[in-house]
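Counting along the sequence shown from 1, when you hit position 47 you're at 245 in our numbering, and nothing is skipped either side.
Where a beta carbon is used, it is the ideal one built from N, C-alpha and C, also for glycine.
Owing to the predicted nature of the structure, the values given are computational and were not obtained by experimental measurement.
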Amino acid sequence: MLAAAVLAVVAARHLRFSRTGVASTEPAPRWQPEVLRSPTAWAVTGFMGIQSLLAYSLIAWLPSIYRERGVTAERSGLLLTVLSISSILTALTVPVVATRLRRQRLLAVAVVGLSMAGLLGVLAGGVGGAVVWAVLLGLGQGGQLSLTLTLVNLRAATAAMTTSLSTMAQSIGYLVAAVGPVATGAIRGATGSWTPALLALLLLLLPLGICGWIGGVDVARTEVV
């Protein structure tokens, strides 16, 4: 996932430069408080926070979840590696696709759907299909992260707004994300099973999809201004 995150940031920076033609040499723009009044900005922030929460929770606990379902410790670690490698594919491709679409709504639904399929597979339990579920989770997480960073650029009309939206999305988003591993582990400790924790993560895909749908509105019609 770290590699996917780095690649997603690089892709987003490339998008920012491609929209202006050259990299800006102007001083960093000041914070634009009006971003806090934008529903689209809050949707992008929500998408960032929820997808990061899911990613952090899976990175922290997926090997333990697999072990509870009968997968060996060695293979559990390997499956986390599979997830990380799979995330690179969508981290690279989703920004390319997103910039060619007027709306990113269906793309948001698609990457959320990948995570849903992966979580449902893990919930089904057992060793069979574990690699497939890890691949789906990786594709979903890589796509969600890169789509979030791409939306920051697509939804902002100016360099100042891009910086403000990025600051808002990452500051609030990662604050929300930090709760994920702790809350997920607490649910496991309280119930004695990973199933309720997985169900909680699965339920979070609903608000994630809603945020992606709002944030993926028509570029030509709505921008964060």
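Beta-carbon gap between residue i and residue j smaller than 8 Å
i	j	result
V242	R353	yes
R303	G378	no
V333	L251	no
V175	V280	The structure shown does not extend to residue 175, since the chain is modelled only from 199 through 423, so no value can be given for it.
I248	P394	no
A400	S255	Correcting the residue identity first, residue 400 is Leu in this sequence and not Ala. In this structure, S255 does not lie closer than 8 Å to L400 by Cβ.
R300	D416	yes
V233	S362	yes
Q339	S391	no
Same chain, Cβ closer than 7 Å to residue i, five either side skipped, listed in chain order
i	result
L403	V310, S313 and M314
Y372	S250
Cβ shell of residue i (< 8 Å), same chain only, five flanking positions each side left out
i	result
L396	I263, L317, V320 and L321
A203	With a pLDDT of 47 at A203, under the threshold of 50, the modelled position of this residue cannot be trusted; read the value that follows with caution. If we look at A203 and ignore the five residues flanking it on each side, its Cβ neighbours are A289 and L343.
T270	none
T389	A395
T382	S255, A258, W259, A395, A398 and L399
Top-ranked residue by Cα proximity to residue i, from the options
i	options	result
T348	A358, A367, G323 and V280	A367
R267	S369, G323, W240 and I412	G323
L335	S274, E232 and L278	L278
S274	I248, G327, A296 and F245	G327
R228	P237, M359, V307 and T238	M359
P259	V380, T389 and W240	A small fix is needed here, since residue 259 is Trp in this sequence, not Pro. Taking only the C-alpha atoms, the option nearest W259 is V380.
W331	V295, L276, L345 and P293	L276
V292	L337, A357, T356 and S282	L337
A163	P231, A376, F245 and A384	Limits of the chain in this structure are 199 at one end and 423 at the other, which puts residue 163 out of reach.
N351	P261, A308, L287 and A296	A296
A308	G341, L287 and R298	G341
L287	S236, G410, R298 and L345	L345
Same chain, Cβ closer than 6 Å to residue i, five either side skipped, listed in chain order
i	result
I408	none
I412	A241
In the stretch 279 to 338, which residue ranges form an unbroken alpha helix (DSSP H) of at least 4 residues, counting only runs that do not cross its ends? Here the runs fully enclosed are 303 to 322.
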